[in-house]
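With mature numbering (1 follows the signal peptide of the UniProt record, and there is no 0) as the guide, the letters of the sequence shown map in order to residues -21 to -1, 1 to 89. All residues carry an ideal CB built from backbone N, CA and C; glycine is no exception. As C-alpha cells, the structure follows; a few thoughts come after it.
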Amino acid sequence: MSRLMHIAAILATVVFTTVYAGTHTDCGITQTSFSDCVAYIVDLESSIDPRCCTGLRDIVSSLPPTADARRSTCTCLQQMIVTVGKPIDAGRAAGLGGSCGSTLTLSPPA
C-alpha cells in the first residue's frame, strides 16, 4: 500500500507542477518580483524593504532592452498596484529605482 501511495504522490506532483508551470507569465513573474515594493510606494511602509531592491534588480536583469518590453512591464506593474486600491505616492515611485541602485524608473499613471 505504501508503494501505491508513493506513486500517487509522485503523479500528483508531476500533474500539479505541469499545471502550475503553465500559469507563469512574464507579467506574473514581474509582479512577484515587485511585490515587496508595493507597500512602500502606496505609503503603507515608511522604508523600502531590501527584498524590493532585489526584485527591482531581477526585473531589470530579465527585461529585454526594447521600448515595447518596458511599456509592457509598466502596464503589468500598474495593473498590480491598482488592485491594492491605494493611491501611488508619485515621489516614492519615481525615486524607488535610484534608492535601490537600479536603472528602473517608475512613472505613476496620471
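Could you tell me the alpha carbon to alpha carbon distance between residue i and residue j, rounded to whole angstroms?
i: Gln10; j: Asp68; result: 18 Å
i: Ser25; j: Leu42; result: 28 Å
i: Thr29; j: Arg36; result: Note that residue 29 corresponds to Pro in the displayed sequence, not to Thr. Between Pro29 and Arg36, the C-alpha separation is close to 11 Å.
i: Thr82; j: Val39; result: 7 Å
i: Leu23; j: Lys65; result: 9 Å
i: Ala73; j: Leu56; result: 14 Å
i: Ala46; j: Cys32; result: 22 Å
i: Thr62; j: Ser14; result: 12 Å
i: Asp5; j: Gly80; result: 23 Å
i: Ala48; j: Ser12; result: 16 Å
i: Val17; j: Ile27; result: 9 Å
i: Thr54; j: Ile60; result: 10 Å
So, with DSSP's three-state summary, where would you put residue i?
i: Ser78; result: helix
i: Val39; result: helix
i: Pro44; result: coil
i: Phe(-6); result: Here Phe(-6) scores only 39 on pLDDT, less than 50, and its place in the model should not be relied on; the value that follows carries that caveat. Three-state result, Phe(-6): helix.
i: Ser51; result: helix
i: Gly1; result: Confidence at Gly1 is low in this model, with a pLDDT of 39, below 50, so the placement of that residue should be treated as unreliable; the coordinate-derived value is given next. If DSSP states are grouped into helix, strand and coil, Gly1 belongs with coil.
Within 10 Å of its beta-carbon, does residue i have 16 or more other beta-carbons around it, so buried, or fewer, so exposed?
i: Gly70; result: exposed
i: Thr52; result: buried
i: Gly34; result: buried
i: Gly1; result: Unreliable positioning characterises Gly1 in this predicted model, as indicated by a pLDDT of 39, which lies under 50. A coordinate reading is not provided.
Below 8 Å on the Cβ atoms is my guess for residue i versus residue j; work out the distance and round it to an integer in Å.
i: Leu75; j: Ile20; result: 6 Å
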